[in-house]
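So the protein sequences, as listed, match chains Y and R.
Read the first sequence against our numbering and you will find it ends at 853, with the numbers running on by one and no gaps.
Read the second sequence against our numbering and you will find it ends at 534, with the numbers running on by one and no gaps.
Notes to accompany the following structure.
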Amino acid sequence: MNAPSKIEAGDAPGPQSGPPRERLVVVGNGMAGCRAVEEILARDPGRYDVVIFGAEPRVNYDRIMLSPVLAGDKSFEQIVINPQGWYDDNGITLVSGDRVVEIDRTTQTVIAASGRAEPYDRLLIATGSDPFIIPVPGKDLEGVVTFRDLDDVGKMLAAAERGGSAVVIGGGLLGLEAAHGLNLRGMKVTVIHLMPTLMERQLDEAAGYLLKTELERRGQTILTGANTKEILGADGKVTGVRLEDGSVIDADIVVMAVGIRPNTALAAASGLTVERGIVVDDHMVTSDPAVMAVGECVQHRGACYGLVAPLWDMCRVLADKATEAAPESAGYQGSVTSTKLKVSGIDLFSGGDFSGGEGCEDIVMRDASRGVYKRVIVKDAKIVGAVLYGDTADGSWYFDMIKRGEDVSDIREALIFGQAFAAGGALADPNAAVAALSDDAEICGCNGVSKGKVVACIEGGAHSLDAVRSGCKASASCGSCTGLVESLLALTLGGNVDSGPKTLCKCTSFTHDDVRRLIVEKELRLIPQVMQELHWSTPDGCASCRPALNYYLLCAWPGQYVDDQKSRFVNERMHANIQKDGTYSVVPRMWGGLTNPQELRAIADVVEKYNAPMVKVTGGQRLDIFGIRKEDLPAVWADLNAAGMVSGHAYGKSLRTVKTCVGSEWCRFGTQDSTGLGVKIEHMTWGSWMPHKFKIAVSGCPRNCAEATIKDFGIVCVDSGYELHVGGNGGIKVRATDLLMKVATEEEALEVCAAFIQLYREDAHYLERTAPWIERVGLQYVKDKLEAEGAIGRYAARFRHSQQFMQDDPWAKRAAGDEAKLHQHLAEVRPFPAIQMENA
Amino acid sequence: MIGNWLDIGPINQIEAGTARTLPVQGGEEIAVFHTLCGEFFALVNKCPHKQGPLSQGIVHGDVVTCPLHNWNISLRNGKALGEDEGCVPTIPLKVDAGRLYLLRSAVIGGGEAGARAA
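As structure tokens, then:
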């Protein structure tokens, strides 16, 4: 290309000649500026003398195709929209490489950096946006680039040529496309993203998780929730990036792609109304009637757009106004936007408003075997948004319905299956669609079960989903055909379908037992992964399933699973018990109920220092300090830690307390050292998470002063050894324990205790205490499990393995500053000085 | 108008799926939520049922479950969901250039309802 930087055109062609034409000056030779001129020419080619200023020294090109250029899929020539000939043919003067520095609205003149001045009758500002540069040390080093224009792509290609490592800051659309291009060109790429989910403005957590997994599989390192602290360099050149947590990532090039800002400086300096963008009305006119604006630099009805589709809409409206082509036009009404990630091999679509909202209903479909996640958001019988991953064939169909505001009531049930399934009135009812399938149509792909087999199974007496699953294996594996099987049940039986066993919660069709089994079988290791693989019907679960999944994963993968604090009930997140006024109560551990002067002094000091209004002895033989504010908890714990006390876990679905009587050491009736055994048991079991709270007691004789027979695990000492009781509790429905077995030694008692706890941990449903668990499965089941050859040793060994990761005092970590955000306020508002200022 | 909006800090101060609190001198404490879908909301930090601190609840979708008695509250409009009835005032919030802003009059007036009454 040998374009001179200034081109003077001759007389423009056009139907009109004679009277002098109006002068239209366009600031910005990008996609918006040129499209606006094209639209004007299409309506009234002879109306204006057009001058276009462009800061880049080249003709107009398709900026959104820079990603394919970086990835090597396209060349620059292929993305040029308007070659030099277009300017020449239409008599347009292109002034490229000369930035406009001033707009004088009184004389209606624009002035460029070279000093060139151009008068205008009508001015169009299309300055687009600038990449946002995060203000960290090192941002100006050589090798720190943005991803906005062809020069940026050139710098990235040059870096890729040299090889080495690239860091991309920003896991949004642009950042991921840059990362993909650099990765394809052989660089080792790390993406640093501030938020926990990639592309969080376009994707929900579930789709973000799938995307992250796929990019990692392609060799990129993705760090979410990572904050860049500093860009490191040597001799003025970038060498790496330091994160807030102190870790350093080597980099030969750093691409900043954290977002864009409307470029409003020129408009603001000329006195036009500017907020986030240049404020325009519905006809793209700014606060000055002679000045219009279009594209990413504008703000329309409070919204700024960074995608291409709204820009086309704006340009049409602008051209109507500038040529008076459609005087009755209502103007620009804002745009619904959609996004597709331009990374080859990853199908991802997001359109409309997917954030949900009042009256919104989510329809979710997941197909784990194909890696598909689809979510359509319906409000008032209309689709308002869609997120698709893995299968985006119906993206444009959904988007079209979003834009047209089409009523989808008639196809609501089949909507999620896509256009092919939902279109056509007769098939709109999913039962009708299933009825229309032939007998040999495959229903369950995992187990190769046809419709005919499923129907035969139902007719043979399987009247519930579960009966079908065990009868012919349909829907028994991945579960993605559950809906089809349910339709077949409804069709075959009319209304006489038996409801199956209770599901874990309304988000899933699986039971607790299914979920636990599949976590282990499929080696599921993260909550979003479980939700995807098991076809959760909600994007991120509910207050019932999140804590349950967190526990099941913790139990299945000891030492590997990282506890998800946001899936914990408040008490387990704050390591204290919330009270009705929002303060907390704090119970330090007292092993076996024993204490000493040092501990009692420390507790007394805490009570006075933090003005705790009450201290109470609990039913589990501990002291409970009431009325502590969440901000003070870490300091309270530091004081208690200093006296040697750790968390008492009075707040957890976990081992609570081991209650003891004084036993043979003091009591004239005591048969064994019940206090000593209780202390040993508590040291073995503390810190362990359970399906529900778990209480233990050790009584030194059958008088049972420690009330061991209403505990989850109770030991009653007798002359000849130890009776081991299980499954008792107080509470709403009192249940006395069942005798599990009798053993002769303390060691055996400890071993059986560990084994029983582990069986309960692995077998019970979340929030099911031992009493209802044993009533459900039967005492014999528990006995069979534990009495099998070597079973006690195996269960106990698994418990001890798990415990080695659990017995860190959570209070000590918090006292040392861990998770400080959970305790500190975001800020404090003292409004009164501000009010006085406003009145003054 | 910047003066009407109160800057309460950068968005990364609140992890997705959690909330943080903002005490207001002489007014109601505010809970600022960040959902797993990436949206932000501000509500008075009091459940309409028994004034439980909503900021301490589990956040799922655009709903928070109160830690005291498991009422589900819509973060979008403050209304109790399901069978329960009640509403907590919301505070208009906007995100701009990575920072969170609350409508000043609603912060001081104790939420939308209060702001209108003032």
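The beta-carbon is built from N, C-alpha and C at its ideal position, and this holds for glycine as well.
The beta strand (DSSP E) that contains residue i, what's its start and end?
i                 : result
alanine 522(R)    : That residue, alanine 522(R), is in no beta strand (DSSP E); its alpha helix (DSSP H) goes 520-525.
lysine 201(Y)     : 201-205
methionine 414(Y) : Careful: methionine 414(Y) lies outside any beta strand (DSSP E), inside the alpha helix (DSSP H) at 408-417.
valine 268(Y)     : 266-269
lysine 510(R)     : 509-512
methionine 169(Y) : Run containing methionine 169(Y): none in the beta strand (DSSP E); it sits in the alpha helix (DSSP H), 163-175.
leucine 636(Y)    : 636-641
glutamine 312(Y)  : 311-313
methionine 212(Y) : Run containing methionine 212(Y): none; DSSP gives neither H nor E here.
In chain A, which residues lie less than 7 Å from residue i when you measure between Cβ atoms?
i               : result
arginine 289(Y) : Protein chains Y and R are contained in the structure displayed, whereas chain A is not.
Assuming residue i and residue j form a contact by the criterion Cβ under 8 Å, report the distance between their Cβ atoms to the nearest whole angstrom.
i                : j                    : result
glycine 156(Y)   : valine 271(Y)        : Incorrect: roughly 17 Å between the Cβ atoms, too far for contact.
cysteine 766(Y)  : glycine 713(Y)       : About 16 Å; that fails the 8 Å criterion.
valine 739(Y)    : phenylalanine 707(Y) : Their Cβ separation, rounded to whole angstroms, is 11 Å, which puts valine 739(Y) and phenylalanine 707(Y) out of contact at 8 Å.
leucine 690(Y)   : alanine 762(Y)       : 7 Å
tyrosine 574(Y)  : lysine 643(Y)        : Not a contact, Cβ separation roughly 26 Å.
histidine 588(Y) : proline 823(Y)       : 5 Å
leucine 478(Y)   : threonine 495(Y)     : 7 Å
leucine 324(Y)   : methionine 44(Y)     : 6 Å
valine 93(Y)     : leucine 154(Y)       : That belief does not hold up - the Cβ atoms of valine 93(Y) and leucine 154(Y) are roughly 32 Å apart, past 8 Å.
alanine 84(Y)    : histidine 193(Y)     : 6 Å
alanine 809(Y)   : glutamate 760(Y)     : Wrong, their Cβ atoms sit about 11 Å apart, outside the cutoff.
leucine 285(Y)   : valine 113(Y)        : At roughly 14 Å, the Cβ-Cβ gap does not stay under 8 Å, so leucine 285(Y) and valine 113(Y) are not in contact.
What residue range is occupied by the uninterrupted alpha helix (DSSP H) comprising residue i?
i                 : result
proline 696(Y)    : Per the sequence shown, the amino acid found at residue 696(Y) is histidine instead of proline. First-last of the alpha helix (DSSP H) with histidine 696(Y): 687-698.
asparagine 584(Y) : 583-587
threonine 505(Y)  : 495-506
isoleucine 805(Y) : 804-816
arginine 827(Y)   : 823-828
serine 88(Y)      : Where serine 88(Y) is concerned, there is no enclosing alpha helix (DSSP H), given that its DSSP letter is neither H nor E.
methionine 44(Y)  : 44-56
tyrosine 100(Y)   : 97-102
Can you check which of these residues, the options, is closest to residue i by C-alpha distance?
i                 : options                                    : result
tyrosine 773(Y)   : Gly104(Y), Lys796(Y), Gly319(Y)            : Lys796(Y)
asparagine 461(R) : Pro469(R), Leu484(R), Ala513(R)            : Pro469(R)
arginine 255(Y)   : Val113(Y), Ile205(Y), Glu612(Y)            : Ile205(Y)
aspartate 478(R)  : Ala406(Y), Tyr411(Y), Phe523(Y), Glu374(Y) : Glu374(Y)
aspartate 295(Y)  : Ile65(Y), Tyr345(Y), Gly365(Y)             : Tyr345(Y)
serine 348(Y)     : Glu371(Y), Val468(Y), Leu607(Y), Leu320(Y) : Leu320(Y)
alanine 338(Y)    : Asp57(Y), Val729(Y), Phe812(Y)             : Asp57(Y)
aspartate 404(Y)  : Leu354(Y), Glu426(Y), His778(Y)            : Leu354(Y)
glycine 290(Y)    : Cys310(Y), Val40(Y), Ala303(Y), Ala282(Y)  : Cys310(Y)
glutamate 678(Y)  : Thr688(Y), Lys672(Y), Thr670(Y)            : Thr688(Y)
glutamine 634(Y)  : Gly384(Y), Met603(Y), Gly473(Y)            : Met603(Y)
alanine 608(R)    : Asn420(R), Leu422(R), His485(R), Phe456(R) : With chain R covering 417 to 534 only, the question about residue 608(R) has no answer from this structure.
asparagine 7(Y)   : Arg36(Y), Glu35(Y), Arg71(Y)               : The structure shown has nothing for residue 7(Y), since chain Y only spans 14 to 853.
valine 511(R)     : Gly454(R), Leu497(R), Val480(R)            : Gly454(R)
alanine 524(Y)    : His548(Y), Tyr623(Y), Gly473(Y), Gly185(Y) : Correcting the residue type first, residue 524(Y) is threonine in the shown sequence and not alanine. Ranking His548(Y), Tyr623(Y), Gly473(Y), Gly185(Y) by Cα distance to threonine 524(Y) puts His548(Y) first.
alanine 655(Y)    : Val468(Y), Ala469(Y), Ala828(Y)            : Ala828(Y)
Does the ligand HEM have a heavy atom nearer than 6 Å to the CB of residue i?
i                : result
threonine 237(Y) : By its list of ligands, the structure shown contains no ligand whatsoever, and the ligand HEM lies outside what it can speak to.
Along the stretch 827-841 of chain Y, where does the CB come closer than 9 Å to a CB of chain R? Name the residues. Lys834, Leu835, Gln837, His838, Leu839, Ala840, Glu841
Would you list, in chain order, the members of the stretch 206-240 of chain Y that have their beta-carbon closer than 7 Å to a beta-carbon of chain R? Leu207, Met208, Pro209, Thr210, Glu213, Arg214, Asp217, Glu218, Asn240
So, does the stretch 255-267 of chain Y touch the stretch 134-148 of chain Y, judging by three or more C-beta pairs under 8 Å? no
Contact set between the stretch 569-591 of chain Y and chain R, restricted to residues whose Cβ is under 9 Å from the partner: Asp577, Gln578, Lys579, Ser580, Arg581, Phe582, Val583, Asn584, Arg586, Met587, Ile591
With 7 Å as the limit, tell me which residues of the stretch 534-557 of chain Y have their beta carbon closer than that to any beta carbon of chain R; keep them in chain order. Thr551, Pro552, Asp553, Gly554, Cys555, Ala556
Cβ-based contacts, 7 Å cut-off: residues of the stretch 592-606 of chain Y near chain R: Lys593, Gly595
Just checking, does the stretch 291-308 of chain Y make contact with the stretch 329-336 of chain Y on the three C-beta pairs under 8 Å criterion? yes
Would you check if there are 3 or more beta carbon pairs closer than 8 Å linking the stretch 576-591 of chain Y to the stretch 497-507 of chain R? no
Name the residues in the stretch 772-795 of chain Y whose C-beta lies less than 9 Å from a C-beta of chain R; which are they? none
In the stretch 169-181 of chain Y, which residues sit with their C-beta less than 9 Å from some C-beta in chain R, listed in chain order? none
At a cut of 8 Å, does the stretch 597-612 of chain Y reach the stretch 548-564 of chain Y through at least three beta carbon pairs? no
Relative to chain Y, which residues along the stretch 478-496 of chain R have a C-beta separation below 9 Å, given in chain order? Asp478, Val479, Val480, Thr481, Pro483, Leu484, Asn486, Asn488, Ser490, Arg492, Asn493, Lys495
Count the C-beta pairs between the stretch 207-223 of chain Y and the stretch 379-394 of chain Y that are closer than 8 Å, then say yes if the count reaches three, no if not. yes
Taking 8 Å as the threshold, find out whether the stretch 734-752 of chain Y comes into contact with the stretch 774-794 of chain Y through three or more Cβ pairs. yes
Any chance the stretch 451-467 of chain Y sits against the stretch 411-426 of chain Y, with 3 or more Cβ pairs inside 8 Å? no
With three or more beta-carbon pairs closer than 8 Å as the criterion, would you say the stretch 65-79 of chain Y touches the stretch 160-172 of chain Y? yes
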